[in-house]
Amino acid sequence: MKLQIKSLYLLCFATGAMLLSSCEDFLDRQEDEKLTFEKIWESRNTTKQYWLNAMSFLPNYNGGFIGDNEPYLGASDECTITYDRGYRSMNFGSWNASNVPYYKMDKYYKGIRECNIFMQNVYKCSDPLATQEQLDEWYWQARFARAYYYFSMMCDYGPIFLIGDELLDFAASTEELYRPRNTWDECVNYVVGELTACAESNAVPVQKGLSTSKYGLATKGTCYAVISRLKLYSARDLFNGNALYRTVKNPVTDKFPELSGVNIFPQTYDANKWLEAAKAAKVLLDDTDYQLYRAGNGDPYEDYYGITHVNWNSELIWTDRYNSGYSWGVNTAPTGLPGTAYGGVGPTQQQVDAYAMNNGRYPIKGYEASGDPIIDDASGYSKEEELQKSDWKYPAKGWSNFKNYNITAPNMYKDREPRFYITVFFGGNYWLHGDAKTMISFAKGGNGNKSHDYPKSGYLCNRFYDHTLNSGNGQWGNLTFPVFRLGEMYLNFIESVLECKKRNVALPAGYEELAMEKWADLRDRAGLTPITSVYPNASVDELIELCRKERRVELAFENHRFWDVRRWKIAEIVDNKKVHKITVNADGTYSYPVFQNRVFDKAKHYLFPIPQSEIDKNRNLVQNPGWN
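Under my numbering, the first residue of the sequence shown is numbered 167, with each subsequent residue one higher.
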C-alpha cells in the first residue's frame with residue numbers, strides 16, 4: 167500500500183490510525199524499492215512523510231474513551247464502562263509490573279527517537295519544492311511532539327530519563343541503554359524549556375487566522391497550555407514534597423555521577439510552585455485569541471453544548487480533531503434506539519451527585535462511611551424525596567430540536583444546573599435524536615433483549631452525542647474533543663491563586679481579583695451566579711474544595727478527573743470504595759445497590775509501574791514505589 171496524504175487536516179492532533187499504518191508501510195519498504203535513508207531527504211514528499219511518522223505517536227484521546235487505548239475514563243470515579251478492558255484490572259487492583267495495562271513508555275521513546283532523527287535531517291532536504299517555511303514548520307512541530315511525548319510519560323510514570331538529541335535504539339540490549347531517571351524537577355524544566363522555545367519560534371503559528379488546512383498543528387497557545395497543566399501538576403501534592411516518594415533514589419552509577427544515588431522526587435514542599443502555575447495559566451488568560459465559547463443567545467445550554475459541537479470554536483486551544491461523532495455516539499446511545507446503539511458509557515452516581523442545583527449550591531457535601539450522602543439542606547435538595555417522582559419540566563431547548571417538555575421523573579434530577587442535563591442522561595426520560603424522542607426506562611430488559619440493555623451505573627453520558635441528528639438513520643454528526651481549552655486554563659489559574667492564598671505566597675497585583683472574575687465568568691456561562699455570592703462566607707480551604715467541584719463538573723468526561731484525584735492525592739479515598747448504581751425495580755421504585763468495589767492502594771497506585779521488561783533491560787532504571 168502506498169502512502170497517501172491528502173492534506174494536513176488529516177494530522178489534526180493525533181494523525182490517526184490511517185496515517186500511522188501508512189507511515190509504517192513507508193518505513194518498512196523493501197530494499198528493492200531503492201528508497202535509502204539518504205534518498206528520503208531528497209524529496210519534499212518523503213521528507214513530509216517521515217515528519218508525519220514522527221508525529222504519529224501523539225495519543226488519540228477521542229478514540230480511547232471506551233478503554234481500548236487508555237484508562238482515563240474507565241478507571242476514574244466519574245465513569246463506568248460496560249466493556250471488558252484493561253482499566254478493570256486497575257479498578258480491582260489486580261495489576262502488577264509484569265502485567266501493565268496501557269503500557270506506552272516504549273511507544274513514546276520510539277516517537278522521541280523518530281523526532282530526533284527527523285529534526286537532525288530535515289534541513290538536508292534538497293528538493294527545490296520544499297520551502298524554508300515548510301521545513302521550519304515541520305521541524306518545530308516535531309520538536310513540540312517530542313516534548314509532548316515526555317509530558318505524556320511524566321503523567322503516567324512521574325520522572326523519566328531524558329535523552330536530549332541522542333539516537334538510542336531502545337530495541338537493542340546494550341549497556342548504552344542503562345540510563346537512570348532524571349529528577350522530577352529536571353524533567354519539568356526540560357519540557358517547559360522545549361515548549362517555551364517552540365512557543366517563541368516564528369515557525370509555530372498563533373490560532374487566530376490559522377487556515378483550516380492547518381487545524382490541529384500545535385500553536386503557541388498549545389505550547390503554553392501544556393506548560394500550564396504540567397506546572398499545575400507539579401505544584402500539587404503528588405509531586406511536591408510527597409512523603410511516600412522521599413526514599414526513591416537512583417542506583418549508584420559511575421556513568422551518570424550527577425544522577426547517581428539521587429532522590430528523583432522533590433523532597434520538600436515548595437509553595438512557590440503554585441505561583442509558577444498561576445503565572446503559566448495567566449498567559450492563556452491574557453491571549454485574546456481565546457474566549458469562552460458562547461453561542462450569542464444567552465442560553466447556557468447552547469453555550470456548554472457548543473464547546474464540543476462547534477468546530478474549532480473560540481475556546482478550543484488544542485483538539486483531538488473535528489471528526490465523526492460515531493464512536494462516542496454509538497457507545498453512549500441507549501440500546502432502545504433504532505439503529506446501532508450500545509449504551510456502554512455512563513457517569514457514576516458520585517459524578518451525578520457532584521452537580522449543583524440551579525441556585526448554585528451543591529446538594530451533596532460528602533459521604534458517610536456507609537456511603538450515604540451528606541445533604542446541604544440550604545441547596546433545596548431533599549434526601550427524603552429524592553427518589554419520589556413528580557411532574558417537572560425537562561430543559562431540552564438550546565441543545566436539541568425540542569422545546570422544554572414535561573416529564574415524570576425522580577426529584578433528584580430536578581432543578582439541577584444546566585451542565586447536568588447536557589452531560590447526564592437518566593432513565594425514565596426521552597433520548598432526543600433529531601426530530602424523534604424515545605422513552606428509555608433502564609429497567610432490566612426494558613429496552614429489548616440486547617447485550618447491554620442497561621448501563622452499569624444506571625446512567626449514560628449525554629454530552630458528546632449530537633442530539634440534533636437522528637442516529638437511527640446513520641446521522642452521527644461531528645464533534646470536537648477538547649484536549650486543552652480555555653475553561654481549563656481558568657480553573658488552573660483559580661486553583662493556583664487559591665493555593666497561594668492558603669500558603670501565604672505573595673501574589674502579583676490583581677491576581678486574586680482576576681481569579682474571582684474568571685470564576686464568575688465560567689459560572690455565568692453555565693447559568694449560575696458567582697461562587698462568592700452563593701457561598702459568601704467560604705474560607706480559602708472551602709473555596710479550594712468548591713474549585714475542585716467546579717473542575718469536576720465543567721471538565722466532565724474530558725480526561726481530567728483521573729489525573730486530578732491522583733495529583734491531589736485523594737484517589738485513595740474516592741477510588742477506594744464501593745460504587746453504587748441507580749436501579750429501577752420491578753415495581754417502578756428506585757434503589758442504590760452496590761455494583762462494584764474498587765480498590766486503590768495508596769502505596770503504589772498513584773503512578774503506573776515501569777514494566778519489569780524495561781527494568782530488566784535498563785539496570786539503572788529504578789522502579790516506582792510499591793511495584794517491586
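Note that the Cβ used here is the ideal one computed from N, Cα and C, for glycine as well.
- Item | Minimum length 4: unbroken alpha helix (DSSP H) runs contained in the segment 474-521 | 492-498 and 515-519
- Query: Considering residue 731, what are the terminal residues of the alpha helix (DSSP H) in which it resides?
  - Reply: 727-733
- Message: Measuring only the C-alpha atoms, how far is residue 204 from residue 270?
- Response: 30 Å
- Using beta-carbon positions only, say whether residue 796 and residue 591 come within less than 8 Å of one another. Since the first residue of the chain shown is 167 and the last is 794, residue 796 is not available in this structure.
- Selection from 275, 214 and 278 that minimises the alpha carbon distance to residue 289: 214
- Taking Cβ to Cβ, would you say residue 847 is nearer than 8 Å to residue 650? No statement about residue 847 is possible, as the shown extent of the chain runs from 167 to 794 and does not include it.
- Where in the segment 542-612 do unbroken runs of the beta strand (DSSP E), each at least 3 residues long, occur, reported from the N-terminal end onward? 555-560, 571-576, 590-592, 595-599 and 602-606
- Message: Considering only the alpha carbon of each residue, which of 451, 696 and 472 lies closest to residue 462?
- Response: 472
- Since I believe residue 367 is in contact with residue 306 (beta carbons under 8 Å), could you give me their beta-carbon distance rounded to a whole number of angstroms? 5 Å
- Task: Give every residue of the same chain whose Cβ lies closer than 8 Å to the Cβ of residue 474, excluding the five residues on either side of it in the sequence, and list them in chain order.
- Result: 629, 630, 645, 646, 647 and 648
- Message: Quick check on residue 647: does DSSP put it in helix, strand or coil?
- Response: strand
- Message: Can you give me the C-alpha to C-alpha distance between residue 479 and residue 380, rounded to a whole angstrom?
- Response: 15 Å
- At least 3 beta-carbon pairs within less than 8 Å: the segment 400-413 vs the segment 445-452: no
- Whose CA, out of 439, 608, 552 and 268, lies closest to the CA of residue 508? 608
- Query: What is the DSSP secondary structure of residue 269, reduced to helix, strand or coil?
  - Reply: coil
- Query: Secondary structure at residue 405, three-state DSSP: helix, strand or coil?
  - Reply: helix
- Message: For the pair the segment 306-326 and the segment 273-293, tell me if three or more CB-CB distances fall below 8 Å.
- Response: yes
- Query: Is the Cβ-Cβ distance between residue 552 and residue 578 less than 8 Å?
  - Reply: yes
- Message: For residue 420 and residue 427, I'd like the C-alpha separation in whole angstroms.
- Response: 10 Å
- 7 Å CB neighbourhood of residue 707 in its chain, flanking five on each side removed: 668
- Name, in chain order, the residues that DSSP records as bridge partners for residue 746. 760
- Please decide whether residue 792 counts as near chain D, where near means a Cβ-Cβ distance under 8 Å. No chain D appears in the structure shown, which is made up of a single protein chain.
- Message: Cutting at 6 Å between CB atoms, please list the residues of its own chain near residue 600, excluding the five before and the five after it.
- Response: 635 and 636
- Drop a sphere of 10 angstroms on the beta-carbon of residue 515, count the other beta-carbons inside from all chains shown, and report buried for 16 or more, exposed for fewer. buried
- Which residue comes first and which comes last in the beta strand (DSSP E) that contains residue 410? Neither: residue 410 is in no beta strand (DSSP E) and is coded neither H nor E.
- Leaving out five residues before and five after residue 593 in sequence, what residues of the same chain have Cβ atoms less than 7 Å from its Cβ? 606, 607, 608, 624 and 750
- Task: Starting from residue 666, follow the alpha helix (DSSP H) in both directions and report where the run begins and ends.
- Result: 652-668
- Report the rounded CA-to-CA distance for residue 384 versus residue 454, giving the unit in angstroms. 17 Å
- Message: Just to confirm the assignment, what range does the alpha helix (DSSP H) spanning residue 781 have?
- Response: 778-783
- Task: Return yes when the Cβ of residue 404 is within less than 8 Å of the Cβ of residue 714, no when it is not.
- Result: no
- Message: So the candidates are 554, 531, 739 and 792; which of them puts its Cα closest to the Cα of residue 711?
- Response: 531
- Which residues does DSSP pair with residue 795 in a beta bridge? Any question about residue 795 goes unanswered here, given that the chain covers just 167 to 794.
- Thinking residue 583 and residue 521 are a contact (beta carbons under 8 Å), I'd like their distance in whole angstroms, please. 6 Å
- Please determine, among 345, 233, 566 and 393, the residue with the shortest C-alpha to C-alpha distance to residue 359. 393
- Task: Could you have a look at residue 794 and say whether DSSP puts it in helix, strand or coil?
- Result: coil
- Query: With contact counted as at least three CB pairs below 8 Å, one residue from each stretch, are the segment 768-775 and the segment 255-273 in contact?
  - Reply: yes
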